[in-house]
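Each remark here refers to the structure printed beneath this line.
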Amino acid sequence: MTDSAPSDTKTSSGQKPRRVVLVDGSGFIFRAFHALPPMTSPDGTPVNAVYGFCTMLMKLREDTKPDHMAVIFDPKGKTFRNDFYPEYKAHRPPAPEELVPQFGLIRDATRAFNLPSIELEGYEADDLIATYARQAEAEGSDVIIVSSDKDLMQLVTDRVQMFDAMKNRTIGAAEVMEKFGVSPNKVIDIQALAGDSVDNVPGVPGIGIKTASQLIDEYGDLDSLLERAGEIKQPKRREKLIENAELARISRRLVTLKTDVPVVEQISGFELKEPDAEVLLSFIASHGFKSLLSKVKAKFGGDIEFESPTQPGVGVNKINVEKAEYELVQDEERLRHWIAKAEYAGTVAVDTETTSLDAHQAKLVGISLSTEPGNGCYIPLGHGKSAENSEAKGTQGGFDFGDAKEAPAKADIPKQIALDRAIELIKPLLQDTGVLKIGQNLKYDMIVLSRHGIDVAPMDDTMVLSYVLDGTSHGHGMDELADLHLDYQPIKFSEVCGSGKTQITFDQVPLDKALDYAAEDADITLRLHRLLKPRIAQEHMASVYETLDRPLVPVLAKMERLGVKVDTDILKNLSDDFAKRMAILEKTIHEMAGEPFNLGSPKQLGEILFDKMSLPGGKKTKTGAWQTGADVLEGLAALGHDLPTKILEWRQLSKLKSTYTDALANHVNPLTGRVHTSYGQTNVNTGRLSSNDPNLQNIPIRSEEGRKIRTAFVADKGCKLISADYSQIELRLLAHVAEIDALREAFKNGEDIHAATASKVFGVPIEGMDPMVRRKAKAINFGIIYGISAFGLANQLGIGQKEAKAFIEAYFEIYPGIRDYMDQAKEFAKKHGHVRTLFGRNIHINGINDKNGMRRSFGERAAINAPIQGGAADIIKRAMIAVPGALVDAGLKTRMLLQVHDELIFEAPEDEAEKAIKIIRDVMENAAHLSVPLIVDAGIGDSWADAH
DNA sequence: TTTCTCGCT
DNA sequence: TCTGTGAGCGAGAAAT
12 MTDSAPSDTK TSSGQKPRRV VLVDGSGFIF RAFHALPPMT SPDGTPVNAV YGFCTMLMKL
72 REDTKPDHMA VIFDPKGKTF RNDFYPEYKA HRPPAPEELV PQFGLIRDAT RAFNLPSIEL
132 EGYEADDLIA TYARQAEAEG SDVIIVSSDK DLMQLVTDRV QMFDAMKNRT IGAAEVMEKF
192 GVSPNKVIDI QALAGDSVDN VPGVPGIGIK TASQLIDEYG DLDSLLERAG EIKQPKRREK
252 LIENAELARI SRRLVTLKTD VPVVEQISGF ELKEPDAEVL LSFIASHGFK SLLSKVKAKF
312 GGDIEFESPT QPGVGVNKIN VEKAEYELVQ DEERLRHWIA KAEYAGTVAV DTETTSLDAH
372 QAKLVGISLS TEPGNGCYIP LGHGKSAENS EAKGTQGGFD FGDAKEAPAK ADIPKQIALD
432 RAIELIKPLL QDTGVLKIGQ NLKYDMIVLS RHGIDVAPMD DTMVLSYVLD GTSHGHGMDE
492 LADLHLDYQP IKFSEVCGSG KTQITFDQVP LDKALDYAAE DADITLRLHR LLKPRIAQEH
552 MASVYETLDR PLVPVLAKME RLGVKVDTDI LKNLSDDFAK RMAILEKTIH EMAGEPFNLG
612 SPKQLGEILF DKMSLPGGKK TKTGAWQTGA DVLEGLAALG HDLPTKILEW RQLSKLKSTY
672 TDALANHVNP LTGRVHTSYG QTNVNTGRLS SNDPNLQNIP IRSEEGRKIR TAFVADKGCK
732 LISADYSQIE LRLLAHVAEI DALREAFKNG EDIHAATASK VFGVPIEGMD PMVRRKAKAI
792 NFGIIYGISA FGLANQLGIG QKEAKAFIEA YFEIYPGIRD YMDQAKEFAK KHGHVRTLFG
852 RNIHINGIND KNGMRRSFGE RAAINAPIQG GAADIIKRAM IAVPGALVDA GLKTRMLLQV
912 HDELIFEAPE DEAEKAIKII RDVMENAAHL SVPLIVDAGI GDSWADAH
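Numbering-wise, the first sequence is residues 12 to 959 according to the working numbering.
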């Protein structure tokens with residue numbers, strides 16, 4: 012190399028030696044992270060360590076004037092040291108969450124500076140540095156190792172120095188002597204004796220650095236010391252050394268850096284190059300390093316300004332969907348390649364393909380990944396017969412399968428990695444705290460994967476991101492988001508699997524078609540993430556996303572996975588009972604009507620009531636049919652007509668039977684014997700959750716008959732159900748938000764809030780109050796939250812509109828702040844198009860500026876209600892995120908199963924239920940600190956009916 | 001697929 | 001003065 016070297020690289024031939032700078036990238040990022048205050052880039056990613064790294068590189072180039080320079084990183088995973096000492100570095104806690112995304116960025120930064128970014132699987136950065144340092148030294152170069160890691164001090168020589176970039180301090184032989192009390196070439200012996208608790212190097216117990224340096228001073232080196240250990244005068248020390256000689260030798264192997272790593276890149280390739288100004292500036296600008304930008308411009312030229320902040324809104328800043336390249340992964344080697352790629356990128360979009368929309372029964376058919384827009388892979392895992400490549404299948408089309416002998420099953424199954432093996436390989440990636448997993452509705456995939464023992468973390472969900480940003484102004488399905496943001500129409504599921512009767516499951520899809528569809532999903536998810544995530548910070552939604560909706564995803568996944576036990580015998584008995592009574596009612600009604608008709612048909616019923624029987628008060632719906640709602644029928648019943656009364660009874664039973672007792676039994680999962688609802692996190696405008704398949708948020712409670720359904724929701728054997736619900740949370744929130752002193756006082760004093768209101772509005776004492784009076788006040792209290800009108804209240808209470816209007820006026824007099832609050836809410840909504848909850852969630856209000864008066868007042872009522880309902884939803888979300896951890900911390904096995912807007916349901920082992928209830932109540936009541944107390948009512952029982 | 005009705009908070 | 005008249009959901013069945 013010396014002969015062929017270009018003349019401008021100086022060799023040891025008397026001229027100034029060339030200077031090689033080796034940067035310990037992994038060591039630096041940890042120190043910079045802890046040393047520098049938190050910073051975030053415009054997209055909300057934490058970047059303090061990356062910033063520190065960039066300034067350091069700039070400064071280093073200036074100060075050290077290297078001829079060659081490289082940045083060296085620790086690879087992911089175990090190293091050769093773990094092969095002979097598995098405990099090595101085993102106690103390291105996972106990296107802080109804010110540091111995780113920076114691992115990838117720091118490599119990006121290195122490349123942006125046009126510096127080699129070096130790492131090698133199986134070897135620590137320290138070993139690579141050692142190898143390069145020794146090579147460079149042998150070639151007569153000077154070496155500067157940019158690190159302050161004491162493990163590298165063994166490398167210091169005349170030609171090799173260390174440099175602590177954060178303290179701006181050079182470390183030479185003198186500094187090593189100061190630290191270890193010996194010269195650099197004896198550092199290994201000291202470390203072998205003293206050990207290192209951080210890296211979990213054992214050393215010899217009872218011997219620290221001081222003793223070690225004394226001993227090495229006296230005996231020369233470790234081998235001599237161990238050989239002559241018997242000569243040591245202090246009995247304890249002598250024993251320890253003799254006993255632990257082997258431990259010392261292992262420790263020496265652990266701390267000795269490898270100087271003969273089979274490196275791929277050569278030092279000659281580290282020759283310092285000027286960075287591409289445009290690449291570097293765009294990297295720096297995109298991460299918001301303003302002060303660096305001007306420095307870089309001054310040094311390297313270039314002319315890039317900060318991009319003006321993207322206008323919030325839909326359809327801007329589209330990423331064009333360029334030609335994509337997708338790979339079908341069918342063997343372990345390619346899977347390993349993709350896993351490494353994802354580890355290196357630090358972010359990966361993940362999507363699973365399965366056989367069912369029910370995550371609790373779906374069979375995992377394949378996984379797709381994407382690390383960059385335009386790339387992606389699909390890993391088939393459970394494709395079966397007829398899932399051959401569609402072309403191959405086409406050539407088989409001529410065969411008469413009916414006559415042919417059945418081919419061996421294996422021949423029909425396409426080549427794919429065994430499911431268990433693939434899970435084993437991909438699990439570390441999906442659980443790696445250093446790699447962000449991105450999904451679209453990732454909750455589904457998390458449930459499927461959790462059934463294979465994988466807990467996906469950390470994660471981002473593009474569906475949730477979209478919801479936090481845009482509310483329900485549009486849907487958040489992937490096809491819709493792709494169309495909206497990328498102007499691209501992805502392959503539809505129905506194009507791959509068909510629809511209706513001929514629909515096939517994904518395991519029957521030919522691999523080439525499956526690849527196009529599945530890899531595209533991951534690719535698009537990744538692209539959407541790149542568009543949506545930056546908006547979170549720009550639009551100041553970081554708090555809502557980071558502290559509420561994102562951490563809720565794994566919580567919901569867990570709840571759905573657990574499900575709730577339902578006693579199907581109880582349901583069956585109820586069904587039978589309802590059916591009998593319905594049959595009797597049906598007969599009676601047909602007799603009364605004089606002809607048989609379909610009781611379930613509002614149309615036929617309306618014709619019977621109003622055309623045939625000519626009952627009064629008939630009103631028509633906008634489609635021209637008679638209205639037959641409960642209110643209409645109740646009105647007729649009040650006039651003394653029997654038939655409507657019977658219809659109402661029948662309807663109640665019919666509803667309970669079809670919607671609950673029959674339907675619920677069909678939702679019991681045969682594998683778990685429990686019912687697993689699915690929570691919709693992005694369906695409700697105000698921030699509430701919704702529940703579907705089945706909806707467990709509308710299980711009857713108000714009527715005696717309906718309440719029986721809740722007896723079928725039971726605790727597992729040896730367990731109890733706990734129900735904990737917030738008392739009057741929305742009224743309390745109103746009192747807090749609108750600053751209604753009188754209301755706040757009543758809550759602080761623990762008064763019956765409806766009685767208190769009645770007492771003030773109607774001027775009667777609380778003692779001995781007429782229940783009717785309290786009922787009126789209760790109706791007003793609730794009505795107010797929704798922006799009630801005199802008409803509505805009159806209807807509700809069955810009083811005249813004038814009277815109702817007087818009540819409302821009186822109410823506003825008593826609580827004057829309420830009117831102000833309502834006006835402010837409306838005004839805010841008119842101005843911004845949305846309102847905001849206490850916790851920063853924006854709720855879009857449709858029609859607030861509509862010309863149509865009806866639509867506008869609809870919007871106005873929404874503006875009044877949304878901050879209250881949404882604020883309550885935020886509070887219970889905070890509780891849901893905190894409660895499971897609090898229960899675990901208390902050593903309890905109690906688990907959260909269900910949420911019903913202001914109520915949480917838990918399943919607790921019988922003997923810990925009382926303890927659990929205390930913790931649950933405490934966390935829920937402290938989920939927010941308002942100017943009124945939050946109160947939680949909780950109960951224990953064998954069924955939901957008992958616990959409530 | 002849409003409409004009506006009704007269950008919950 | 002008159003509209004139509006507290007909020008937010010999901011599900012089943014009939015009608016289209």
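Note that CB positions come from ideal geometry on N, CA and C, so glycine has one too.
Residue range of the beta strand (DSSP E) that includes residue i
| i | result |
| --- | --- |
| Ile243 | Looking at the DSSP string, Ile243 is not in any beta strand (DSSP E), and its letter there is neither H nor E. |
| Tyr337 | 336-339 |
| Asn806 | Asn806 -> not in any beta strand (DSSP E); alpha helix (DSSP H) instead, spanning 801-808. |
| Ser738 | Run containing Ser738: none; DSSP gives neither H nor E here. |
| Val307 | First-last for Val307: 301-311, but that is the alpha helix (DSSP H), not the beta strand (DSSP E). |
Identified DSSP bridge partners for residue i
| i | result |
| --- | --- |
| Pro273 | Its beta-bridge partners do not exist; DSSP assigns none. |
| Cys508 | According to DSSP, Cys508 bridges with nothing at all. |
| Lys731 | Ala919 |
| Ile931 | Answer is none; Ile931 lacks a bridge partner. |
| Tyr389 | Leu339, Ser379 |
Boundaries of the alpha helix (DSSP H) in which residue i is found, first to last residue
| i | result |
| --- | --- |
| Lys27 | From DSSP, Lys27 is part of no alpha helix (DSSP H); its letter is neither H nor E. |
| Met962 | In this structure the chain extends from 12 to 959, so residue 962 is not present and cannot be described. |
| Asp234 | 233-238 |
| Pro613 | 613-617 |
| Leu563 | 561-573 |
| Arg263 | 256-266 |
| Glu871 | 864-900 |
| His843 | 828-843 |
| Val290 | 288-297 |
| Thr536 | 522-549 |
| Asn584 | 579-604 |
| Met188 | 184-191 |
Through-space distance from residue j to residue i, alpha-carbon basis
| i | j | result |
| --- | --- | --- |
| Glu838 | Asp948 | 36 Å |
| Arg462 | Leu368 | 15 Å |
| Arg867 | Asp472 | 34 Å |
| Gly63 | Val934 | 39 Å |
| Phe793 | Asn694 | 24 Å |
| Leu447 | Ala185 | 43 Å |
| Pro107 | Leu585 | 53 Å |
| Leu495 | His601 | 54 Å |
| Ser942 | Ala884 | 18 Å |
| Val193 | Asp200 | 10 Å |
| Asp490 | Ala356 | 26 Å |
| Lys221 | Arg264 | 21 Å |
| Pro320 | Gln549 | Reliability fails at Pro320, whose pLDDT of 35 lies under 50, so the model's placement of it is uncertain and no value is given. |
| Ile278 | Asp35 | 15 Å |
| Ala924 | Gln341 | 50 Å |
| Arg239 | Gly219 | 19 Å |
| Pro112 | Pro246 | 52 Å |
| Ile930 | Leu908 | 16 Å |
| Ala594 | Asp578 | 25 Å |
| Glu756 | Gln835 | 23 Å |
| Leu237 | Ser208 | 22 Å |
| Ile946 | Tyr737 | 6 Å |
Presumed contact (8 Å Cβ cut-off) between residue i and residue j, rounded CB distance
| i | j | result |
| --- | --- | --- |
| Ile129 | Phe84 | 7 Å |
| Asp137 | Asp153 | That belief does not hold up - the Cβ atoms of Asp137 and Asp153 are roughly 20 Å apart, past 8 Å. |
| Val748 | Leu849 | 7 Å |
Exercise. Counting only runs that start and end within the region 643-713, where is the alpha helix (DSSP H) found for 4 or more residues in a row?
Worked result: Assignment of alpha helix (DSSP H) within the region 643-713, counting only whole runs of 4 or more residues, yields 653-666, 674-677 in chain order.
Exercise. What are the uninterrupted segments assigned as alpha helix (DSSP H) that are 4 or more residues long and contained completely in the region 421-480, given in chain order?
Worked result: Listed in chain order, they are 430-442, 453-461.
Exercise. In chain order, which alpha helix (DSSP H) runs of at least 4 residues are fully inside the region 59-141?
Worked result: Segments of the alpha helix (DSSP H) lying fully in the region 59-141: 59-75, 91-95, 111-123.
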